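What follows is a short report on a single structure.
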Amino acid sequence: MSLDAVLSRIDEMLPDALERLSALLRIPSISTDPAYKADCARAADWLAADLAGLGFKAESRPTPGHPMVVAHGEGPSSGEGRHLLFYGHYDVQPVDPLELWHRDPFDPAIEETPKGRVIRARGSSDDKGQLMTFIEACRAWKAVHGTLPGKLTIFLEGEEESGSPSLVPFMKENARELTADVALICDTGLHEDKYPAITTMLRGMVKEQVTIHAADKDLHSGMYGGAAANPIRVLAKILAGLHDDSGRVTLPGFYDDVDELPDAIRAQWQKLPFDHAKFLGDVGLSVPAGEQDRTPLEMLWSRPTCEFNGITGGYTGAGFKTVLPAEARAKVSFRLVSRQDPGKISAAFRAYVRSMLPPDCTADFGPDDGNSPASVMEITDPAFEAARAALSEEWGLPTAYVGSGGSIPIAGYFKSVLGMDAMLIGFARDDDQIHSPNEKYDVESFHKGIRSWARILARLA
Ligand SMILES: [Zn+2]
12 MSLDAVLSRI
22 DEMLPDALER
32 LSALLRIPSI
42 STDPAYKADC
52 ARAADWLAAD
62 LAGLGFKAES
72 RPTPGHPMVV
82 AHGEGPSSGE
92 GRHLLFYGHY
102 DVQPVDPLEL
112 WHRDPFDPAI
122 EETPKGRVIR
132 ARGSSDDKGQ
142 LMTFIEACRA
152 WKAVHGTLPG
162 KLTIFLEGEE
172 ESGSPSLVPF
182 MKENARELTA
192 DVALICDTGL
202 HEDKYPAITT
212 MLRGMVKEQV
222 TIHAADKDLH
232 SGMYGGAAAN
242 PIRVLAKILA
252 GLHDDSGRVT
262 LPGFYDDVDE
272 LPDAIRAQWQ
282 KLPFDHAKFL
292 GDVGLSVPAG
302 EQDRTPLEML
312 WSRPTCEFNG
322 ITGGYTGAGF
332 KTVLPAEARA
342 KVSFRLVSRQ
352 DPGKISAAFR
362 AYVRSMLPPD
372 CTADFGPDDG
382 NSPASVMEIT
392 DPAFEAARAA
402 LSEEWGLPTA
412 YVGSGGSIPI
422 AGYFKSVLGM
432 DAMLIGFARD
442 DDQIHSPNEK
452 YDVESFHKGI
462 RSWARILARL
472 A
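The sequence shown begins at 12 in my numbering and counts up one residue at a time.
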């Protein structure tokens, strides 16, 4: 059995794979700090050389920022599988505050912990450990079969932790070369630290800044209070009107383009362990505050939101000043799902605000700040079921299609720029301390991650 041979090879090679990961982790590729520019280039070169050694045509390509690594590999000539594109990022977050690390962040070591063995270093989980799971699966395949499993493109970014300024221009300039049948993104985690998952729904975002104006200057409430319009009162009424008592957003048409969950996905989510009491308890809360006829997972993954992120106006310093302010401001954001159109939601919000203005009050909006639609992957593509089966087999647990409450921009770009659906598959755990001191990646995540990709490649490539 050819897959069994690859899996055995992965088991045997684990110590060597950890050594290779350690070599990559020793390169301090902090993308946001110009002092590490040469190190970012060195990490890209290291990866391009490693991939070239596996038979990929691999290059570190310059951008105005840090380089992109692009590698193309071919499988056996008879291969009839899909062309897969794998994405990861080789840059890491800064390490401050350094004194909170119990070892040098760029001197990785394997540590025994009560929860098992971990490799500790900046980038061990986010994202060098994760991206190396895929490369190690390719290496084991090549060692056993003499070729890669199929047509593969590997695309590794070096600016993910610093806003990805070069990503979309690079994707547009190289669209033909980077377009494959499906994208694989390894930068997410296991569900509840244990269950394999494929993220297929990511919420989008609309950000609105509104200023309500009334009198042409601040007034004294002793002289004008009672007679003058107060923009804070107007704003408070506007914001309070955006939700009804059951937690639904009241904007006309807000739910028009929100799809109900397919029954199969609903059934998967019902079986997913999710301890919402602990989830809320961890932050000092107890009662889910969203739409009352929805489960907490639906509130987080498949339902849209309207949230107030900041509100200012009047006097907010120490003591008291009985001012009637000339203006009041709020920042309001919407998380979008399904087919909700950012432009339509923005227009509905602004029309609602204007409809609520009493005489003498006006509203300004903006500046606009990068709205994006939700990403929903086409899971009817059989590749998704094949990957799900492969993950369930490796982990011995059912694999669910899950949502992500936040946005993961790269998945949206693959869809909007290259027209590709993406599977987000990752093996990080909640306590990996990514972006924080003492980041680690479980050796089990690394090992089973490599085996997972081998099983996925066997089915898809
Ligand atoms: Zn990451």
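The beta carbon of each residue, even a glycine, is placed where N, CA and C say it ideally should be. All values reported here derive from a predicted model rather than from experimental measurement.
Residue nearest to A397 within the set A411, P384, V387 is A411 (criterion: CA-CA distance).
Following the DSSP letters along the chain, one finds D441 in no beta strand (DSSP E), marked with neither H nor E. Between L283 and S313, the C-beta gap is not smaller than 8 Å, which leaves the two residues out of contact.
When L36, I322, T333 are compared, the shortest CA-CA separation from A55 is found for L36. Approximately 5 Å separates the beta-carbon atoms of S33 and P119; this is inside 8 Å, confirming the contact. Listed in chain order, the non-local C-beta contacts of M182 below 7 Å within the same chain comprise L189, Y424, V428, L429, local neighbours out to five positions each way being set aside. Between A247 and R31, the alpha-carbon positions lie close to 57 Å from each other.
Taken atom to atom, the span from the alpha-carbon of M388 to that of A433 is near 7 Å. About 7 Å separates the Cβ atoms of K451 and S136, confirming a contact at the 8 Å cut-off. Spanning the alpha carbons of L25 and D15 requires a straight line of approximately 15 Å. In this chain, the beta strand (DSSP E) harbouring M212 covers 208-213.
For Y326, the secondary structure class from DSSP, reduced to helix, strand or coil, is coil. Taking I445 as the centre and dropping the five residues before and after it, the same chain places the C-beta of Q104, S136, D137, A439 closer than 8 Å to its C-beta, in chain order.
8 Å or more divides the Cβ of A358 from the Cβ of I223. Shown here for L262: same chain residues with a beta carbon closer than 8 Å to its own, the five before and five after excluded, namely L253, C317, I356, A359, F360, Y363 in chain order.
Taken atom to atom, the span from the alpha-carbon of I436 to that of S13 is near 23 Å. In this chain, E404 is not harboured by any beta strand (DSSP E); it is covered by the alpha helix (DSSP H) spanning 393-406. Spatial neighbours of S173 in its own chain (CB-CB distance under 6 Å, excluding positions within 5 residues in sequence) are listed in chain order as S42, T43. A direct Cα-to-Cα measurement between A278 and A465 gives close to 28 Å.
At a threshold of 7 Å, D138 counts as near ligand 1, since its beta carbon sits closer than that to one of the ligand's heavy atoms. With 16 or more neighbouring CB atoms inside 10 Å of its own CB, Y206 falls in the buried class.
Between the region 225-245 and the region 329-342 there are three or more C-beta pairs closer than 8 Å, enough to call the two in contact.
In this chain, the alpha helix (DSSP H) harbouring L308 covers 307-312.
For G414, the enclosing beta strand (DSSP E) stretches over residues 411-415. Cβ neighbours of H94 within its own chain (closer than 6 Å, five residues either side excluded): K162, A191, D192.
When secondary structure is reduced to three states using DSSP, Q220 falls in the strand class. Per DSSP, reduced to three states, the secondary structure at A239 is coil, with no helix or strand assignment.
P384 is positioned such that its CB atom lies closer than 8 Å to that of P353. For the pair A52 and P87, the CB atoms are not nearer than the 8 Å cut-off.
Judged by their CB atoms, S415 and V217 are not nearer to each other than the 8 Å cut-off.
C317 has F345 as its beta-bridge partners, per DSSP. Under a 10 Å Cβ-count criterion, V106 is classified as buried, with 16 or more other Cβ atoms of the shown protein chains found around its own Cβ.
Collapsing the DSSP output to three states places A339 in a strand. Under the 10 Å beta carbon count, R150 is surrounded by 16 or more other beta carbons and is classified as buried.
Relative to ligand 1, H100 has its C-beta within less than 7 Å of a heavy atom. A distance criterion of 7 Å places the beta-carbon of D441 beyond contact range of ligand 1, judged by its closest non-hydrogen atom.
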